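First comes the structure, then the notes that go with it.
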Amino acid sequence: MPDVYIPEAFEIMPQKRFYLLRAGFKGTTHSINDKLKEEINNVYLYGLELSKPKVVFNTLPVDILANSLIPHSFKGVKLITFFASTLGKDIDNFISNSNTLISTLLDAWASEAIEALNSTFDEKLRKQFGQGTRRFSPGYDDIDIRKNYDIVKNLLKTDIVTVNQNTGIITPRKSTICMIGWYSG
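Numbering-wise (the UniProt record's numbering), the sequence shown opens with residue 1 and increments by one.
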């Protein structure tokens, strides 16, 4: 049965340097004036306000899973934790309806925030399950991105994200589908 994890705000807070790099500020080649610094800081706070982070996860024995859902790199695992993570729809709506600067900054912030959430959740799982594989998402290596649909519909049974069955694309945009294999069961 899938479980739900609601993270604390600090668990989605990206490092400011990663946020700025993603937004296009590469080291010291760009000087940031005071007005822009204020916008950058305000967007960071907007992101925290707008985010409704949530993770739905399910850990299953590998022997009950379809081979098409198991990456070759997961050879030897006994369990796989599948999870969907999202920052929610409000971030997408704000990005779509803001000016270019705010949209660009918030998009960068949210990309780093979803990664921060995934890293934090990954660490929690590793404390519980021990040695595991790398975190993996369909669309990379040998698992088709369209498997996102099967994972969400059949294994996670959640509506925190919607997956286009034909493309595997997830909405809200700042969402992911991930899996981690575990060597001990």
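Glycine included, each C-beta is placed from N, C-alpha and C at the ideal position.
Source: prediction; values computed, not measured.
Can you name the residues that DSSP bridges to residue i?
i	result
phenylalanine 25	Phenylalanine 25 is not bridged to any residue.
isoleucine 177	Ala84
valine 55	Tyr5 and Ser85
proline 61	Leu79
For residue i, tell me which candidate among the options has the shortest Cα-Cα distance.
i	options	result
alanine 116	Asp159, Val163, Asp3 and Glu11	Glu11
lysine 54	Ser96, Thr100 and Tyr5	Tyr5
aspartate 142	Ile70, Asp3, Lys37 and Ser51	Ile70
aspartate 122	Trp109, Asn166 and Trp182	Trp182
tyrosine 140	Asn164, Thr176, Glu112 and Ala110	Thr176
phenylalanine 94	Thr167, Asn67 and Gly47	Gly47
leucine 15	Arg126, Ala110 and Arg146	As written in the sequence, residue 15 is glutamine, which differs from the leucine given in the question. Checked all of Arg126, Ala110 and Arg146; the closest Cα to glutamine 15 is Ala110.
serine 68	Asp144, Ala23 and Gly168	Asp144
asparagine 99	Asp150, Leu60 and Glu39	Glu39
valine 125	Lys52, Val56 and Ser31	In the sequence under discussion, the amino acid at residue 125 is leucine, which differs from the valine named in the question. Comparing Cα-Cα distances from leucine 125 to each of Lys52, Val56 and Ser31, the minimum goes to Val56.
lysine 52	Ala9, Ala23, Phe25 and Pro61	Ala9
Measure how close the beta-carbons of residue i and residue j come, nearest whole angstrom, since I'm counting them as under 8 Å.
i	j	result
threonine 86	methionine 179	Going by Cβ atoms, the distance from threonine 86 to methionine 179 rounds to 16 Å, so no, they are not a contact pair.
asparagine 118	arginine 135	7 Å
leucine 50	aspartate 90	4 Å
leucine 79	threonine 59	5 Å
threonine 167	arginine 146	7 Å
Residue i by DSSP, collapsed to three states: which one?
i	result
leucine 87	coil
serine 68	helix
tyrosine 183	coil
glycine 132	strand
residue 190	In the structure as shown, the chain begins at 1 and stops at 185. Residue 190 is therefore absent and cannot be evaluated.
isoleucine 170	strand
tyrosine 140	coil
serine 98	coil
isoleucine 151	helix
arginine 146	coil
isoleucine 114	helix
isoleucine 40	helix
asparagine 93	helix
isoleucine 32	coil
Determine, using beta-carbon pairs with one atom in the region 148–158 and one in the region 123–132, whether at least three such pairs fall under 8 Å.
-> Contact annotation: the region 148–158 does not touch the region 123–132, with fewer than three C-beta pairs closer than 8 Å.
Report yes or no: do the region 35–45 and the region 104–120 share at least 3 C-beta pairs separated by less than 8 Å?
-> yes
Is there contact between the region 69–77 and the region 12–24, where contact requires at least three CB pairs shorter than 8 Å?
-> no
Three or more beta-carbon pairs under 8 Å between the region 163–178 and the region 86–99, yes or no?
-> The region 163–178, when compared against the region 86–99, does touch it at the 8 Å Cβ threshold.
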